[in-house]
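Protein chains in written order, with the numbering used here: chain H, 2 to 101; chain D, 2 to 101. Positions of the beta carbon are idealized from the N, C-alpha and C atoms, including for glycine. Read through the structure below, which is laid out as structure tokens, and then see the notes.
Number of protein chains: 2
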Amino acid sequence: MKISLDQFDKAFENRIRLQIMSVLVANESYDFNSLKELLDLTDGNLASHLKALEKEEYMQVQKSFIGRKPNTRYSVTEKGRAAFKRHLQALENLIKQQKK
Amino acid sequence: MKISLDQFDKAFENRIRLQIMSVLVANESYDFNSLKELLDLTDGNLASHLKALEKEEYMQVQKSFIGRKPNTRYSVTEKGRAAFKRHLQALENLIKQQKK
DNA sequence: GAAAGTACTTTGTTTGTCAAAGTTAATGGA
DNA sequence: TCCATTAACTTTGACAAACAAAGTACTTTC
Chain H
2 MKISLDQFDK
12 AFENRIRLQI
22 MSVLVANESY
32 DFNSLKELLD
42 LTDGNLASHL
52 KALEKEEYMQ
62 VQKSFIGRKP
72 NTRYSVTEKG
82 RAAFKRHLQA
92 LENLIKQQKK
Chain D
2 MKISLDQFDK
12 AFENRIRLQI
22 MSVLVANESY
32 DFNSLKELLD
42 LTDGNLASHL
52 KALEKEEYMQ
62 VQKSFIGRKP
72 NTRYSVTEKG
82 RAAFKRHLQA
92 LENLIKQQKK
């Protein structure tokens, strides 16, 4: 009886980081404030989770201006996309085993 | 754009507790030492995660003797089974959204 | 009688999580 | 020109969670 969670990624163990990745894999890029509202987080909390993902090189930042306002957009790296896919695959395997 | 993690259960956020539940949903009951070996944990660590699940009433204990040796078996409650099912459903929804 | 097994609890360190407050730099309004 | 506001953080500090290691109590096996 094996439990197939070898591909489980600690960076995605936290619910908020799981949500962030989920949004960003589906959306290509998302800005700080929209993400903050979507997930209903304080900016400090969001920033720290984004930073954790950046540290793993799963996330990258693009800073620009929209009109005269600064705008920070986040997007997943290829590394992040691959890691997230592996992680979801691990979860899916777990679910499949349960259904047998 | 919704992110469907409303049914996400904090008790299963931790990888080890996810594994414990996974084993026990599939196995009906499992004893302390076998679980310890299967998951390669120290007994203190395993005991504390089991206790966390007991506290949520997701897990129950049966103490007995096998021959003259004490044997502690763990099994999930109906509440635990239902909660785990909901949790996996939430994860599955997340995965499905990713695949679209 | 010593060592080892079972199933913990306790202790103490480290890591994680979070809100709240502080920061920097720019903009818009009175 | 000054004040408030917005954006996007960083810092602080409190609290909770995770973990290994050691301790405990009781029993059995050598």
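query, result
"Neighbour list for Leu95 (chain D) in chain H, Cβ cutoff strictly below 7 Å", "Ser23"
"Ser35 (chain D), DSSP secondary structure in three states", "helix"
"Minimum C-alpha distance to Ala48 (chain H) - residue among H:Val26, H:Lys70, H:Leu95, H:Arg18", "H:Arg18"
"Contact set between the region 65-95 of chain D and chain H, restricted to residues whose Cβ is under 7 Å from the partner", "Leu89, Leu92, Glu93, Leu95"
"Rounded straight-line distance, which links the Cα of Asp32 (chain D) to that of Ser76 (chain D)", "9 Å"
"Three-way DSSP call (helix, strand, coil) for Phe9 (chain H) in this model", "coil"
"Residue-chain proximity (Leu6 (chain H), chain D), Cβ-Cβ < 8 Å", "yes"
"Contacts that Gln61 (chain H) makes with chain D (C-beta to C-beta distance below 9 Å)", "By Cβ distance, chain D contributes nothing, its closest Cβ being about 19 Å from Gln61 (chain H), past 9 Å."
"Per-residue DSSP class, three states only, for Asn94 (chain D)", "helix"
"Between the CA atoms of Ser5 (chain H) and Asn94 (chain H) - distance to the nearest angstrom", "7 Å"
"DSSP state of Arg74 (chain D) mapped onto helix, strand, coil", "strand"
"Cutoff 8 Å: Glu14 (chain H) Cβ touching any chain D Cβ", "yes"
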